[in-house]
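Trainee: What follows is a single structure, and I will ask about it in a moment.
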Amino acid sequence: MEEAVKSSKINSVYLIRPAMIKGSRNTPGILECMEPCCWFACCLCLCLPSRFHSIRIEDMARAMTLAGLMEKKGVFVLEYDEMKALFDPNP
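Okay, structure coming up:
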């Protein structure tokens with residue numbers, strides 16, 4: 016799918032790759048409560064990269080909106096770090 020989009024003639028494409036979306040209707044509430052604890056434990060044990068961070072649906076929507084307003088040409092893949100840089104310019 017991504018290769019088909021990348022090979023298309025569209026001027027600007029942003030591919031969004033969230034690891035897990037928090038706050039969506041499909042995320043069980045108990046999972047949202049347990050996720051920070053589990054994530055911390057996984058980071059300590061497995062040293063997982065930041066691209067596996069979960070993102071709140073509002074932050075992802077904000078990043079998508081801001082990415083769409085930029086006038087860059089090409090194909091861009093936004094994972095957690097890139098999305099966070101868009102919606103939170105002061106880390």
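Numbering of the sequence shown is given in our numbering, commencing with residue 16 and proceeding in unit increments. C-beta: ideal position from N, C-alpha, C; glycine also.
Please determine, among Met85, Lys21 and Gly89, the residue with the shortest C-alpha to C-alpha distance to Leu101.
Mentor: With distances taken between Cα atoms, Leu101 lies closest to Met85.
Trainee: What is the rounded straight-line gap between the Cα of Val90 and the Cα of Tyr29?
Mentor: Using only the alpha carbons, I get a separation of about 6 Å.
Trainee: I'd like to confirm the pairing. Which residues does DSSP put opposite Gly89 in its beta bridges?
Mentor: DSSP output for Gly89 lists Ser27 as bridge partner(s).
Trainee: Which residue wins for smallest C-alpha separation from Arg77, given the options Lys37, Phe67, Asp103 and Pro64?
Mentor: Among Lys37, Phe67, Asp103 and Pro64, the Cα nearest to that of Arg77 is on Asp103.
Trainee: Residues in its own chain within less than 7 Å of Ala34 by CB, not counting five upstream and five downstream?
Mentor: Here the set comprises Arg66, Phe67, His68, Ser69 and Tyr95.
Trainee: Nearest-angstrom Cα distance between Met98 and Ser22?
Mentor: So the two alpha carbons sit approximately 23 Å from each other.
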